[in-house]
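Everything on this sheet refers to the single structure shown next.
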Amino acid sequence: MSAALSLIEQRGVKAFSLKDASMHVGVSSAAPYRHFADKDALLAALRGEAFGLFHDSLKAASAIGGTPAERLEELGVAYVMFALRNPARFRIMFGLAGPSEPPAPNAFLLLVDAVAAVMPRAGEKRRHDLVVACWSIVHGFATLQMEGAFASPQQDEMEQQLRRTLRLLIQPASIIRRPK
Numbered sequence: 009m010s011a012a013l014s015l016i017e018q019r020g021v022k023a024f025s026l027k028d029a030s031m032h033v034g035v036s037s038a039a040p041y042r043h044f045a046d047k048d049a050l051l052a053a054l055r056g057e058a059f060g061l062f063h064d065s066l067k068a069a070s071a072i073g074g075t076p077a078e079r080l081e082e083l084g085v086a087y088v089m090f091a092l093r094n095p096a097r098f099r100i101m102f103g104l105a106g107p108s109e110p111p112a113p114n115a116f117l118l119l120v121d122a123v124a125a126v127m128p129r130a131g132e133k134r135r136h137d138l139v140v141a142c143w144s145i146v147h148g149f150a151t152l153q154m155e156g157a158f159a160s161p162q163q164d165e166m167e168q169q170l171r172r173t174l175r176l177l178i179q180p181a182s183i184i185r186r187p188k
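Encoded structure:
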């Protein structure tokens, strides 16, 4: 599995094979088939492992004290930092999701709960809209950063930019009242 991650980091999800992974670790090309039926099975195992690590990272961030808005901000930072520290896992997690396989249900529920804490009196539709907006911002920010679309700031500068961006969304949302 670590060989597959390394190759995916170098070549991308679609450009690696089980044969390449076996050569990478110096075993026969038949060896991976003792553990995985095919490349898709290996990717599914990697995806499950990645989502577990991702969930743990977000759960730790959600446990940080402070206001609900601060906890939601920490979730966003944890999301992006996970992606930047684990680019191959991140690509596997979100590159293979299909309509019948929603990404990270447990991690997604952490976001839903954090938004509900920020907007306790808002209606379900308004909270859902903030969930989608937060997820879109952090996922887009992570993807753009991974692809080099931003000038290469130091990690501290990048994190501060992310925090400012999230606050633009979260701060006003936390004061919105439920419509009458």
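Going by our numbering, the residue at position 177 of the sequence shown is 185; the numbering climbs one at a time, nothing skipped.
Note that beta-carbon positions come from the ideal geometry of N, C-alpha and C, so glycine has one too.
Note that the structure is a prediction, hence the values are computed from the model and not measured.
Residue range of the alpha helix (DSSP H) that includes residue i
i: D46; result: Premise fails: D46 is in no alpha helix (DSSP H) and is neither H nor E.
i: S10; result: 10-19
i: R129; result: Unbroken run through R129: none, as it is neither H nor E.
Other residues of its chain near residue i: CB distance less than 6 Å, five sequence neighbours each side excluded
i: A86; result: S65, L66, A69
i: P76; result: A125, V126
Presumed contact (8 Å Cβ cut-off) between residue i and residue j, rounded CB distance
i: M101; j: A58; result: 5 Å
i: H32; j: L15; result: 6 Å
i: L206; j: R97; result: With the chain represented from 9 up to 188, any question about residue 206 goes unanswered, as that position is not in the structure.
i: A141; j: L177; result: 6 Å
i: A39; j: S30; result: 5 Å
i: V146; j: G84; result: 5 Å
i: M154; j: L54; result: Not a contact, Cβ separation roughly 17 Å.
Three-state secondary structure assigned by DSSP to residue i
i: S37; result: coil
i: S144; result: helix
i: M101; result: helix
i: G56; result: helix
i: F24; result: coil
i: T151; result: helix
i: T173; result: helix
i: A77; result: helix
i: Q162; result: coil
Residues near residue i in its chain [Cβ-Cβ closer than 8 Å; skip 5 each side]
i: E81; result: R171, L174, R175, I178
i: H63; result: A112, N114, A115, L118
Residues near residue i by beta carbon distance below 7 Å, same chain, minus five either side
i: K47; result: S25, L26
i: E167; result: V85
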